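If you're matching positions, the sequence shown starts at 1 in the UniProt record's numbering and goes up one per residue. So the structure is just underneath, and the comments pick up after that.
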Amino acid sequence: MEVFNKLYSQVSSSVSSTVSQLSGVLPGNPVTREFDATTHIASAGPGLFWKIYKGAKRSTKQEASIFVFEKRQLEKWNRADREIILETLRRGVTQLTKIRHPQILTVQHPLEESRESLAFATEPVFASLANVLGKTTNMPQPANMSDYKLFDVEIKYGLLQISEGLAFLHNDVKLLHKNICPESIVINKQGAWKIFGLDFCVHNTNPANLPAAYPYDGYSPTLPDVCQSNLDYLAPECVLSQNHSPASDMFSLGMLAYVLNSPGNQTISTVRDIQQFRTRAQQLKNLPVGKLQCVPEALREFVKLLLNTTPEIRPDAHQFVKIPYFDDVGVKTLNYLDSLLQWDNLQKSQFYKGLPEALPKLPSRVKVQRVLSCLSRDLAQPTMVPFVLPSILDIAQECTKEEYCTHVLPQLKPVMKLMEPIQILLIMLQRMELLLKLTPAEDVQQHVLPMLYRGLDSDTPQIHELCLSVLPTFAGLLDHSNVKNSLLPRIKRLCLSTSSLSVRVNCLLCVGRLLEHLDKWLVLDEILPFLPQIPSREPAVLMGILGIYKLAMNHKKLGISKEVIATRILPFLMPLCIENGLTLTQFNALVTLVKEMFQLVENEHRTKLEQLNSVKDEQKVLAAAMPTFKPSRKPPELDQAFTGLGLDSFVSIPSISLEEKQKIAQQQDSFKLFQKQAALEPVKPIKTNIPPPPKDLTTSLMSDWSNSNVTPQTTRSGGGMWSSPVSPPQYSFNNNPNSWSSSSNQFNSRNNSQGQNWSALDKLLPVNNVKVPMNQMIPQKQPLIPPPTMGVGSSNNNNNNTLSNDDIIDLLS
1 MEVFNKLYSQ VSSSVSSTVS QLSGVLPGNP VTREFDATTH IASAGPGLFW KIYKGAKRST
61 KQEASIFVFE KRQLEKWNRA DREIILETLR RGVTQLTKIR HPQILTVQHP LEESRESLAF
121 ATEPVFASLA NVLGKTTNMP QPANMSDYKL FDVEIKYGLL QISEGLAFLH NDVKLLHKNI
181 CPESIVINKQ GAWKIFGLDF CVHNTNPANL PAAYPYDGYS PTLPDVCQSN LDYLAPECVL
241 SQNHSPASDM FSLGMLAYVL NSPGNQTIST VRDIQQFRTR AQQLKNLPVG KLQCVPEALR
301 EFVKLLLNTT PEIRPDAHQF VKIPYFDDVG VKTLNYLDSL LQWDNLQKSQ FYKGLPEALP
361 KLPSRVKVQR VLSCLSRDLA QPTMVPFVLP SILDIAQECT KEEYCTHVLP QLKPVMKLME
421 PIQILLIMLQ RMELLLKLTP AEDVQQHVLP MLYRGLDSDT PQIHELCLSV LPTFAGLLDH
481 SNVKNSLLPR IKRLCLSTSS LSVRVNCLLC VGRLLEHLDK WLVLDEILPF LPQIPSREPA
541 VLMGILGIYK LAMNHKKLGI SKEVIATRIL PFLMPLCIEN GLTLTQFNAL VTLVKEMFQL
601 VENEHRTKLE QLNSVKDEQK VLAAAMPTFK PSRKPPELDQ AFTGLGLDSF VSIPSISLEE
661 KQKIAQQQDS FKLFQKQAAL EPVKPIKTNI PPPPKDLTTS LMSDWSNSNV TPQTTRSGGG
721 MWSSPVSPPQ YSFNNNPNSW SSSSNQFNSR NNSQGQNWSA LDKLLPVNNV KVPMNQMIPQ
781 KQPLIPPPTM GVGSSNNNNN NTLSNDDIID LLS
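Right under this line is the structure:
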């Protein structure tokens with residue numbers, strides 16, 4: 001966290017310092033209304049007065065560079081010199097704004113002046129050539145300049161570009177630059193060299209139909225150095241003969257070519273004043289060949305011509321661009337790239353086909369800065385992308401990860417979304433290893449994986465095979481949800497629906513390579529049930545299925561349970577063993593796997609059964625060692641409390657004897673008969689006066705018999721057994737079959753205890769010939785046979801209560 005805070009403070013201080021500098025220089029300058037300046041990156045122009053800031057246009061966010069001249073830099077000069085310098089700077093920018101050419105720096109916003117500064121905006125700039133050669137006046141010390149070295153192809157093509165720019169100025173504009181030097185050459189963001197610093201340019205004064213004439217202003221030692229051409233690069237005739245011409249600019253170009261190739265980037269001799277200038281002019285008249293040994297041999301002769309003191313001997317700009325020195329593959333490649341805007345698509349496609357062969361001859365920085373920027377323009381045309389993409393990926397192969405993320409990846413992201421033409425996806429898949437190596441994981445998830453999914457959804461078998469071959473390399477970047485919801489469903493659908501055997505086999509191989517990155521449950525739920533659904537029995541497909549089963553069974557993280565093997569896999573594999581299309585080797589592999597699976601099931605299940613049996617044996621031993629307890633018999637009332645509730649199976653029934661079972665059965669039969677009888681309704685007796693029947697012999701005999709059976713105890717007192725009526729037993733009938741038996745037992749026991757008590761038979765005699773239901777029996781207040789009494793009124797009572805003949809006969813029958 002401390003490192004982050006430190007870095008944040010450094011960045012904040014840098015940004016705040018830049019903002020404070022700009023706020024002190026640019027307030028009130030109209031350039032700030034349309035452009036935002038951020039970082040000070042370089043310096044350029046006479047004396048490197050112009051500070052170059054990185055910026056962007058506010059309306060379009062288009063990148064730009066802002067040139068700023070702070071007027072406070074002129075404080076060391078007097079007022080007159082200040083005005084001359086300001087006028088010179090204004091004149092140069094104004095002239096630059098009027099000219100449009102690929103080799104001339106493009107001005108996006110004209111010069112604006114405020115009280116504190118001069119400012120204008122141009123195309124994005126990297127630095128001036130002077131900065132690249134080590135002159136860092138009026139600029140910060142950037143890290144990218146410390147080890148910056150120009151490659152030979154950059155020097156060659158840079159000289160070619162400056163020559164073409166001079167040819168344009170001399171022949172078309174009729175203008176002398178008159179200050180070609182590193183301070184007046186700017187390298188833009190793409191690495192192209194651009195002419196800048198037209199502060200001392202001279203216009204043609206003759207009409208177009210006459211030879212050009214350039215008025216000479218002369219060199220004045222009294223003027224500040226920044227108000228005159230750089231003496232190190234100025235042609236001898238400009239001072240000694242007071243004459244100048246387009247050949248003067250060619251001399252400056254020759255000196256620039258020498259400086260770019262010399263050790264330490266030094267001129268032939270240092271010139272600080274007019275006297276040194278004259279001395280150097282004399283040296284150039286007799287320039288030794290050894291002095292030019294640092295210059296490449298192909299260029300040496302032409303540099304000597306350009307440095308000749310006679311202007312007429314120097315080659316002009318058109319002649320110089322045609323020298324063999326520029327017949328280089330790298331130079332021609334860069335030149336063609338700059339000319340692409342003038343070609344049609346057919347010409348471009350022919351050039352792009354041969355570009356991959358030329359790219360190895362270019363340095364990496366040149367390919368990133370120069371080639372890539374040119375190729376990116378055609379990525380907006382889908383029809384041209386298949387021709388451009390291989391070269392872009394070749395450039396990416398030599399990039400660092402930082403360079404790739406900064407320069408290449410932003411160009412490829414829109415291309416990854418294109419599905420037509422299909423060659424785009426094909427090229428991407430062929431170079432997928434490179435993309436995965438350089439692309440950050442987050443961008444892989446957002447851009448590369450969706451591209452692969454679109455490839456799996458396409459209709460081209462070749463695309464399918466490439467997608468399936470590269471998918472396992474993504475395994476470490478895939479999360480569970482992506483695999484389950486996006487990847488596996490597409491692979492399964494493709495494997496089941498394709499008609500191509502090669503695609504189907506590649507699907508199985510892809511799944512096999514993904515197995516080690518999947519969890520066990522995903523394999524059991526998604527992959528294993530899918531294999532038997534494959535509608536193909538070709539040997540290659542069967543071997544693919546076999547490989548997946550073998551990997552899943554033997555992998556330490558996955559494994560297949562014996563239940564799955566026994567119920568799903570073996571029933572599927574067994575019929576495959578009799579396929580006729582298998583070779584002997586394939587058959588042996590299949591049978592071996594089946595045996596291994598069967599052995600696995602056998603071993604695991606035998607172990608399980610042994611464990612279960614051992615547990616049962618231990619339980620038996622434990623049960624035998626524990627004391628036994630006889631359960632106490634529950635009272636019958638407790639069991640009867642749960643009868644009729646549907647819990648009979650849970651209520652323990654004690655064992656009963658055979659006799660008890662027979663008795664219970666009889667009681668149940670009696671109860672059923674009783675339930676079948678019709679219900680008895682009580683009927684009120686009708687009181688009628690029935691005359692007593694006439695006495696006959698039978699009546700007399702019964703009366704005598706009754707009197708003979710009366711015991712003496714009953715006659716002694718009226719408080720004996722017959723003195724009070726005996727209530728007959730009352731019976732209650734319920735659903736319990738045992739209730740009848742219990743009532744019968746009570747009846748029998750009472751008769752036994754009281755002797756022959758005939759009163760119990762009273763209810764058997766009909767009362768007034770009316771039948772009374774049994775459940776309506778009411779205890780009688782008087783017995784049917786009144787007890788005999790001793791006394792006067794006994795005969796009357798006996799006569800009134802004597803049984804009739806019919807009653808006696810019914811009783812005896």
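By construction, the Cβ of each residue, glycine as well, lies at the ideal position given by its N, Cα and C atoms. Quantities reported herein were computed from a predicted structural model and do not represent experimental measurements.
Close-in-space but distant-in-sequence residues of the same chain around Ile545 (CB under 8 angstroms, 5 per side omitted): The answer, listed in chain order, is Leu508, Leu531, Ile534.
May I have a chain-ordered list of the beta strand (DSSP E) segments no shorter than 3 residues that lie completely inside the stretch 45-107? Complete beta strand (DSSP E) runs here, min 3: 50-57, 63-70.
Pick from Ser241, Ser252, Tyr214, Thr383: whose alpha carbon is nearest that of Asp232? Nearest option by C-alpha distance: Ser252.
Whole-angstrom distance between Leu346 and Ser486, CA atom to CA atom: In a straight line, the C-alpha of Ser486 is about 40 angstroms away from that of Leu346.
Take the Cβ of Val289 as the centre, count every other Cβ of all protein chains shown within 10 Å, and call the residue buried at 16 or more, exposed below. Exposed is the call here.
In three-state DSSP terms, what is Leu362? DSSP places Leu362 in coil when its eight states are reduced to three.
If you drop the 5 nearest sequence neighbours on each side, which residues of the same chain put their C-beta closer than 7 angstroms to that of Leu524? Here the set comprises Val564.
For the alpha helix (DSSP H) containing Val511, name the first residue and the last one. Looking at the DSSP string, the run of the alpha helix (DSSP H) that includes Val511 is 501-514.
Counting pairs of beta carbons, one from the stretch 592-610 and one from the stretch 568-576, are three or more of them closer than 8 angstroms? Using a C-beta cut-off of 8 angstroms, the stretch 592-610 makes contact with the stretch 568-576, since at least three inter-stretch Cβ pairs fall below that distance.
Same chain only: Cβ atoms within 8 angstroms of Phe248, ignoring 5 sequence neighbours per side: The residue asked about is misnamed: residue 248 is Ser in this sequence, not Phe. Closer than 8 angstroms at Cβ, skipping near neighbours: Leu176, Lys178, Leu234, Ala235, Glu237, Cys238, Pro311.
Distance between Leu622 and Glu610 (C-alpha atoms, nearest Å): Distance between the alpha carbons of Glu610 and Leu622: 18 angstroms.
Distance, Cα to Cα, Pro315 vs Pro182? Taking the straight line joining both Cα atoms gives about 21 angstroms.
What separation, rounded to the nearest whole angstrom, lies between the Cα atoms of residue 815 and Val153? Because the chain is modelled from 1 through 813, residue 815 falls outside the range shown and cannot be assessed.
Using three-state DSSP, classify Ser43 as helix, strand or coil. Ser43 sits in a strand when the DSSP states are folded into three classes.
Give me the residue from Lys556, Asn131, Lys413 with the minimum Cα distance to Ser43. Considering only alpha carbons, the answer is Asn131.
Mapping the DSSP letters down to three states, classify Phe474 as helix, strand or coil. Three-state result, Phe474: helix.
Would you report the Cα separation of Gly55 and Ile99, rounded to the nearest angstrom? Distance between the alpha carbons of Gly55 and Ile99 is about 23 angstroms.
Would DSSP call Leu487 helix, strand or coil? Annotated three-state conformation of Leu487 is helix, per DSSP.
Could you tell me the alpha carbon to alpha carbon distance between Ser391 and Glu113, rounded to whole angstroms? Taking the Cα positions, Ser391 is about 45 angstroms away from Glu113.
Under 8 angstroms: do the stretch 72-85 and the stretch 208-221 share three or more Cβ pairs, one atom per stretch? Taking 8 angstroms as the limit for Cβ pairs, the verdict is that the stretch 208-221 does not touch the stretch 72-85.
Would the stretch 392-399 and the stretch 425-438 be scored as touching if the rule is three or more Cβ pairs under 8 angstroms? Yes, the stretch 392-399 is in contact with the stretch 425-438.
Option in Arg537, Val541, Phe474 with minimal Cα separation from Asn506: Nearest option by C-alpha distance: Val541.
Go ahead and label Ile162 buried or exposed: buried means 16 or more other beta carbons lie within 10 angstroms of its beta carbon, across all protein chains shown. That one is buried.
Report the rounded CA-to-CA distance for Phe351 versus Leu409, giving the unit in angstroms. It is roughly 23 angstroms from the alpha-carbon of Phe351 to the alpha-carbon of Leu409.
Continuous alpha helix (DSSP H) stretch holding Phe598: start and end: Unbroken alpha helix (DSSP H) run through Phe598: 584-625.
Can you give me the C-alpha to C-alpha distance between Pro539 and Cys510, rounded to a whole angstrom? Rounded to the nearest angstrom, the gap between the Cα atoms of Pro539 and Cys510 is 17 angstroms.
Output the distance between the C-alpha atoms of Phe200 and Lys51, rounded to the nearest integer angstrom. Going by C-alpha positions, Phe200 is about 19 angstroms away from Lys51.
Assign Ala119 to one of three DSSP states: helix, strand, or coil. Correct three-state label for Ala119: strand.
Whole-Å CB distance - Tyr214 paired with Val226, under 8 angstroms assumed: Cβ atoms of Tyr214 and Val226 stay farther apart than 8 angstroms, at about 22 angstroms.
How many whole angstroms separate the CB atoms of Arg300 and Leu292, which I take to be in contact at a CB cut-off of 8 angstroms? The Cβ separation is near 5 angstroms, so the contact holds.
Closer than 6 angstroms by C-beta to Val444: which residues in its own chain qualify, once you throw out the five before and the five after it? Chain order, please. Apart from sequence neighbours up to five positions away, the residues of its chain that approach Val444 with a beta-carbon distance below 6 angstroms are Leu477, ordered along the chain.
Inter-stretch contact (C-beta, 8 angstroms, three-pair minimum) for the stretch 113-129 and the stretch 87-105: A contact exists between the stretch 113-129 and the stretch 87-105.
Could you tell me which of Ile185, Ile41, Gly158 sits nearest to Pro140, measuring between CA atoms? Out of Ile185, Ile41, Gly158, the CA that lies nearest to the CA of Pro140 is found in Ile41.
Buried or exposed: Ile578, going by 16 or more other Cβ atoms within 10 Å of its Cβ? That one is exposed.
If we require 4 or more residues per run, which alpha helix (DSSP H) segments fall completely within the stretch 429-466? 432-438, 449-456, all fully within the stretch 429-466.
Which stretch, first to last residue, makes up the beta strand (DSSP E) that contains Ala127? For Ala127, the enclosing beta strand (DSSP E) begins and ends at 125-128.
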